[in-house]
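Residue numbers (this note's numbering): 11 to 635.
Right under this line is the structure:
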C-alpha cells in the first residue's frame, strides 16, 4: 500500500491511489467516486484519515455495484499479465512481505515437524552464522549418528567457519542475497571456492576486494593465502595495495589502457616493483605519488541537507547532516549501513521532495534543506544498456553530430543521404541482413546459440553504399572502431563532438571504442559513463550527485582522473555524496561520515564525522585506524 498510495495526505479525488491516475484506469477512480457518498467514504478527506471500514470499501470494493476495489483491480491485471506492458505496470506496485501461511518459513508443516536437537530446519536457518556454528559443534551425536552424518556435519561446519572468518558471521543463514551489501555479497560469493578443501586447482579471482572496507581485507588475504598453502595456484586481478604486497609474484600490464596497453611492464616480486623505473603501480606502492592526491580542502559553507530519524535496515534512528558544495564520503565497514543511508534513504527522500517518482519511500522522519538543490542524480553501477545497439557514443549523444558530419560530405549530398542513413538503428542505413546488429544468430537447437559476423556487412552494420561515404578517409564503421582518444584527435575542429568526447576522457574512459556494445562494459565503466553523460549535459543550478563506489576496478592513476572530475563538479557549485572505501579518495575528501563501528546490529550509527584529519582520533572507527 505504501506504493499504491505514495502520498496519504492526498484525498481520493486528488489522486491518492496512484495506479488510478493513469488515463487507462481512471474509470476505476470514477466508479469509486460515484458510490463514495452511498457508502460513507469521504472523497475529499486525506487518505490517512479514512477509517478501517472506509478502507475496506477501497480495497475490497462493492460486489453488488460491480466495483472490485483495489483487490479486484489487481486480480484483473494478474489475469492479463501475459502482456508485457501489464507486467511492467504491475511491478511498480509490488513489494515483499512474509507469507501468511508459513510465516516466512517457506516449508510445509510436515517438513517443519522434523527436528534435530529441538530445532526444525527453519529455526536453524534463522540463526546467525556464528550461532549456527556453535549449535552444530554442541550437537549430542551418538557413534552411529557420527558414522552416518559425520562428513555432512564437517562440511557444513567448514563452510560456516569460513563465513565467520571473512567477517560475515553476523548474517543469518536464510538472509536473502538481494538484501546484502556489496561487500557482504562479494565474500559470500567467494565462499564456495575459498571455503573448499580441494588441492591442485587453478583459481582465477577478478577483483575479490570490490566492495570491501580496508579493515575487511586482512581476512580476505588470509583466506586466499590458505588456498595457496593447500597446493593451489591463485591468479588475482586486483588494484588493492594490501593484496598486491601480499602476493608472491606480480605481473603489471600497461603502460596505458586500450591500445596503449597490453605490454608486460613488470614481472617479479612486489618488493622489486617499488624501484622499477616503468612501474606506475610501484610508484604508488612506494608512496612517491601520494602527495599528488592531496588537495586544498573545501570548507562546508554552502548549507546542509539533514536526514532526521533514519531507521531503514540496521540504521539506529540516526540524524545525519550532509554538507553541500563539497566532496562528502560515506565510509564504514561492509554491512555498516552505508547503502541504506545514502541510496535507500537520502536519495529517495530528496527525490520525493523534488517531486520525482521513487521506487520506495525512505524510512525516516524528515529531510530538511532540500530547497538548496535543484536536482538529484543517483549514479549507480547498473548497466546502461542490455543490447549491443547501445554504446558509449550514443549514450553521451556524440553520435548525432558525428552522423551530421558524414551527411555534410559532398559524396553524401550527391547520393541524397541524410544523417539517418549513417545510423545502424534506422532502416535507410542499416544492413538488412543483420538488422544493424553486425551479427547473425544461428539456432543450434539443443546447444547454445552461435553468433557469426553478418556475411553481408562483415560486422560493419551498415549498407555497402553507406560505407562508401568517407569522412577524412574513414567510413562510419571505421569511426565507430576508433578509441575515444583517437576520435578526439580525428574530429579536431568539431566543437560539439569534442565537447562530448572530452567528458569521457575526463572520467578516464579514453580507451573505450566508440561503438563498443554497452553490455560488455564493467559496472565501474558504466558508472563513469553515466557521470560523463551528466557532465556533458552542462547542467545549470545546484545538483546533488550520489555515487556508489565509483572507484571499483580503477588503478591509482585512474582514481586521480576521477578526482579531477569531482573537483570540476564541485567548482561548478554541485554537491557530491559518495559511498566509498578507497584510501586515495578518503584522503582527498572534504568531509567524511563514517558509519559503524561494526556490521549489521553493531553498526548503523555515525561514529565520527568531519574532515579526514579528525577520524584517526576516534578509536572506535575502523576507517580512522
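Backbone N, C-alpha and C fix where the C-beta goes; we use that ideal spot for every residue, glycine too.
Note that the structure is a prediction, hence the values are computed from the model and not measured.
> Which stretch, first to last residue, makes up the beta strand (DSSP E) that contains residue 320?
Replying inline: 314-320
> Residues in its own chain within less than 7 Å of residue 174 by CB, not counting five upstream and five downstream?
Replying inline: 139, 140 and 143
>> List, from N- to C-terminal side, the alpha helix (DSSP H) runs of 4 residues or more that fit wholly inside the region 484-526.
In response: 486-490, 494-500 and 505-516
> What whole-angstrom Cβ distance do residue 632 and residue 225 have, given they're in contact under 8 Å?
Replying inline: 4 Å
> Who are the Cβ neighbours of residue 551 in its own chain at under 7 Å, not counting the five residues just before and after it?
Replying inline: 384 and 385
>> In whole angstroms, give me the CA-to-CA distance for residue 355 and residue 339.
In response: 16 Å
> Is residue 54 buried or exposed, if buried means 16 or more other CB atoms sit within 10 Å of its CB?
Replying inline: exposed
>> I'd like to confirm the pairing. Which residues does DSSP put opposite residue 77 in its beta bridges?
In response: 72
>> Give me, in chain order, the residues of the same chain whose beta-carbon lies closer than 7 Å to that of residue 31; leave out the 5 immediate sequence neighbours on both sides.
In response: 25
> Under the three-state reduction of DSSP, which class applies to residue 640: helix, strand or coil?
Replying inline: Nothing in the structure corresponds to residue 640, since the chain is present only between 11 and 635.
> Does the Cβ-Cβ distance between residue 507 and residue 436 come in under 8 Å?
Replying inline: no
>> With a threshold of 7 Å on Cβ separation, who are the neighbours of residue 510 within its own chain once the five nearest residues in sequence on each side are excluded?
In response: 406, 407, 408 and 546
> Can you round the beta-carbon distance between residue 527 and residue 401 to whole angstroms, since I take them to be within the 8 Å contact cut?
Replying inline: 6 Å
> Taking all protein chains shown into account, do 16 or more other C-beta atoms lie within 10 angstroms of the C-beta of residue 420, making it buried, or fewer, making it exposed?
Replying inline: exposed
>> Judging by CA-CA distance, which residue of 571, 621 and 22 is the nearest neighbour of residue 302?
In response: 571
> So, residue 416 versus residue 481, is the Cβ gap smaller than 8 Å?
Replying inline: yes
> Candidates 395, 135 and 590: which alpha carbon is nearest residue 145's?
Replying inline: 135
>> Relative to the C-alpha of residue 564, which candidate in 217, 183, 399 and 153 has its C-alpha closest?
In response: 217
> What is the C-beta distance between residue 389 and residue 555, in whole angstroms, given that I count them as a contact (C-beta under 8 Å)?
Replying inline: 6 Å
>> Helix, strand or coil for residue 197? Go by DSSP, reduced to three states.
In response: helix
> By Cβ distance below 7 Å, which residues in the same chain neighbour residue 203 in space, the five residues on each side in sequence not counted?
Replying inline: 213
>> I need the straight-line Cα distance from residue 395 to residue 596, nearest angstrom please.
In response: 31 Å
> Taking just the CA atoms, how far does residue 379 sit from residue 329?
Replying inline: 13 Å
> Are the region 573-590 and the region 605-614 in contact at 8 Å, needing three or more beta carbon pairs?
Replying inline: no
> To the nearest angstrom, how far is it from the Cα of residue 249 to the Cα of residue 360?
Replying inline: 34 Å
> Between 516, 591 and 239, which lies nearest to residue 343 when the distance is taken from Cα to Cα?
Replying inline: 591
> Among all the DSSP beta bridges, which residues are the ones paired with residue 57?
Replying inline: For residue 57, which the question treats as bridged, DSSP gives no partner whatsoever.
> Around the C-beta of residue 155, are 16 or more other C-beta atoms found within 10 angstroms, so that it is buried, or is it exposed?
Replying inline: exposed
> Mind checking residue 40: buried by the 16 CB within 10 Å criterion, or exposed?
Replying inline: exposed
> Between which two residues does the alpha helix (DSSP H) carrying residue 597 extend?
Replying inline: 593-598
> Can you tell me whether DSSP reads residue 382 as helix, strand or coil?
Replying inline: helix
>> Would the region 364-380 count as touching the region 307-327 if we require 3 or more Cβ pairs under 8 Å?
In response: yes
> For residue 137, which of 183, 470 and 257 has the nearest alpha-carbon?
Replying inline: 183
> Along the chain, where does the beta strand (DSSP E) that runs through residue 213 open and close?
Replying inline: 212-216
> Beta-carbon separation of residue 127 and residue 149 under 8 Å?
Replying inline: yes
> By Cβ distance, which residues of its chain are closer than 6 Å to residue 300, with the 5 residues on each side in sequence left out?
Replying inline: none
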